[in-house]
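> This is the structure, below, for whatever I ask next.
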Amino acid sequence: MSKESSPLWEVFVRARRGLSHTHVGSLHAPDAELALRNARDLYTRRQEGVSIWVVPASAITASSPDEKDAFFDPAADKVYRHPTFYEVPDGVAHL
Amino acid sequence: MYGNDFAPPEDGPGGGLLGEVEAAEAALREAAARARRGGPDPDEDLEAYFADVIDADQKIEPRDWMPEAYRKGLIRQIAQHAHSEIIGMQPEGNWISRAPSLKRKAILLAKVQDEAGHGLYLYAAAETLGVSRDELVELLLDGRQKYSSIFNYPTLTWADVGAIGWLVDGAAIVNQVPLCRCSYGPYARAMIRVCKEESFHQRQGYEILHTLAHGTPEQKAMAQDAVNRWWYPSLAMFGPPDGDSTHSSQSMAWKIKRFSNDELRQRFVDMCVQQAEILGLTIPDPDLRWNDDRQSYDYTQPDYDELMRVIKGDGPCNRERMAHRRRAHSDGAWVREAAAAYAAKQSNKEKVAA
Chain H
44 MSKESSPLWE VFVRARRGLS HTHVGSLHAP DAELALRNAR DLYTRRQEGV
94 SIWVVPASAI TASSPDEKDA FFDPAADKVY RHPTFYEVPD GVAHL
Chain L
-15 MYGNDFAPPE DGPGGGLLGE VEAAEAALRE AAARARRGGP DPDEDLEAYF
35 ADVIDADQKI EPRDWMPEAY RKGLIRQIAQ HAHSEIIGMQ PEGNWISRAP
85 SLKRKAILLA KVQDEAGHGL YLYAAAETLG VSRDELVELL LDGRQKYSSI
135 FNYPTLTWAD VGAIGWLVDG AAIVNQVPLC RCSYGPYARA MIRVCKEESF
185 HQRQGYEILH TLAHGTPEQK AMAQDAVNRW WYPSLAMFGP PDGDSTHSSQ
235 SMAWKIKRFS NDELRQRFVD MCVQQAEILG LTIPDPDLRW NDDRQSYDYT
285 QPDYDELMRV IKGDGPCNRE RMAHRRRAHS DGAWVREAAA AYAAKQSNKE
335 KVAA
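Protein chains in written order, with our numbering: chain H, 44 to 138; chain L, -15 to 338.
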């Protein structure tokens, strides 16, 4: 019996034309082609998708929740990026 | 394709529950929308942060800090649930080739394929907690992790397939709908998917029994016999009574479980009574009667000693189920090896070409 298991793949499905691919789960498969076929059988049995991406889980680099504050802080002090920051004089249209 | 050939009675079985699944899904989106913050402050106590997220009805996600007992308990519960789906393919798989028409065969095949899918969604959710698929498969094959005791009962007639769909899948849905609101994100999301698909299973079982119960006297007797045999084991699926349940209170505090075993069992009994009336079949409990004070049915408890015996390995089919699973796993080894060898060869070719 082979001890080494197939690699893990993360699966992303585009539900309908016009929507972006969304992560739906993961599965094991020996290669990309089988991962794609398994993903079709596993995640789109009821026409949940029109397009599938499979990505080796090992190829994903994720930010860590522990360093979240330091990592996302730079975005927190730039309120002027939001349109609500600006005062609009009364009577201005199309702004 | 075969979904709409039967009009269930008003509010059909599972109809209300499907609404609850949708409500849970909406609540999940809503909780995400009112996200307070993404992670703990640098000097914040991680345990306090975890408790805070749970209190706020937000989801714990894979890379968050969590108490070791929360992680371990979830792995145990999700894995046991996944194993149940995989072993649960056997009692019904037994009838695929003998289902009475091509249509029934195709439906049953689709249903058993769904069970495999549910097992895989759940294994994937368990893996986000840091356990590997191989470990989980081994734990099942070695008998160190359990699966639901209900699948250790045999499917003797075609009517059993109906009774499994109506009662076993029905009990599973009552158990599982609250899990759609579980505090662990990947488990909650997997359960939403599972529950939506389960309601097809429950209706297909109900339809089989409805057809038999309105057929010849022999067919009706067969349906009644199946209900007689599956009723108490289905009640036992909710686990031991609240006083004896070992994992319950901590699970409730962590919002993994939302209702006690006895509360869910009562809800299931209350649902089934009216559904049985429409089938024209009798629930095999002479003491089943409406209690006006409690606004619920009084009923006879299942035999919990029997439940314990079956869990410990002494049910009618425990050995057969495990032997079959082990054989299927070892018979499939050459397929896994061939696929791995092919993948290795292809990736070597790519390296040479590059």
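Beta carbons: idealized from backbone N, C-alpha and C, even for Gly.
(1) At a CB distance below 9 Å, what residues from the region 80 to 111 of chain L approach chain B? Give them in sequence order.
(2) Can you pull the chain L residues whose beta carbon is under 8 Å from the beta carbon of P73(H), in chain order?
(3) Among residues of its own chain, excluding the 5 on either side of A75(H), which ones have a beta-carbon nearer than 7 Å to its beta-carbon?
(4) If we define contact as Cβ-Cβ less than 8 Å, is S116(L) a contact residue for chain H?
(5) Hey, how far is the Cα of E76(L) from the Cα of F184(L)?
(6) Just curious, the alpha helix (DSSP H) that E52(L) is in, first and last residue?
(7) Starting from R309(L), find everything on chain H with Cβ-Cβ shorter than 7 Å and list it in chain order.
(8) List, in order along the chain, the chain L residues whose C-beta lies closer than 9 Å to that of R88(H)?
(9) For E130(H), count neighbouring Cβ atoms within 10 angstroms of its own Cβ and tell me buried if that reaches 16, exposed if not.
(10) Hey, how far is the Cα of A11(L) from the Cα of Q203(L)?
(11) Going by CA-CA distance only, name the one from I71(L), A210(L) and V96(L) that's closest to H194(L).
(12) With 8 Å as the threshold, decide whether the Cβ of G68(H) is near any Cβ in chain L.
(13) For a test of the three-state rule: what should DSSP assign to R57(H), helix, strand or coil?
(14) Rounded to whole angstroms, what is the Cα-Cα separation between L77(H) and R311(L)?
(15) Below 8 Å on C-beta distance, what does S63(H) contact in chain L?
(16) Rounded to the nearest angstrom, what separates K87(L) and I240(L) at their Cα positions?
(17) Looking only at its chain, what residues have a beta carbon closer than 7 Å to the beta carbon of H125(H), apart from the 5 residues adjacent to it on each side?
(18) Can you give me the C-alpha to C-alpha distance between F128(H) and V122(H), rounded to a whole angstrom?
(19) Is the shortest distance between the beta-carbon of Q340(L) and the beta-carbons of chain H less than 8 Å?
(20) Between the alpha carbons of E14(L) and Y107(L), how many angstroms are there, rounded?
(21) Which residues in chain H have a C-beta closer than 7 Å to the C-beta of Q330(L)? List them in chain order.
So, from the data block:
(1) The question asks about chain B, but that chain is absent: this structure's protein chains are H and L.
(2) R320, A323, A324, Y326 and A327
(3) V97
(4) yes
(5) Just so you know, the alpha carbons of E76(L) and F184(L) end up roughly 15 Å apart.
(6) E52 to I71
(7) The premise fails here: R309(L) is roughly 14 Å from chain H at the closest Cβ pair, so nothing lies under 7 Å.
(8) A94, Q97, D98, G101 and E181
(9) exposed
(10) If you take the alpha carbons of A11(L) and Q203(L), they lie about 44 Å apart.
(11) A210(L)
(12) yes
(13) strand
(14) Each residue's alpha carbon lies about 23 Å from the other.
(15) Correct list: empty, because the minimum Cβ distance to chain L is about 16 Å.
(16) 39 Å
(17) none
(18) Using only the alpha carbons, I get a separation of about 6 Å.
(19) Past the boundaries of the shown model lies residue 340(L); chain L is included only from -15 to 338, so the question cannot be answered.
(20) Approximately 26 Å between the Cα atoms of the pair.
(21) D74
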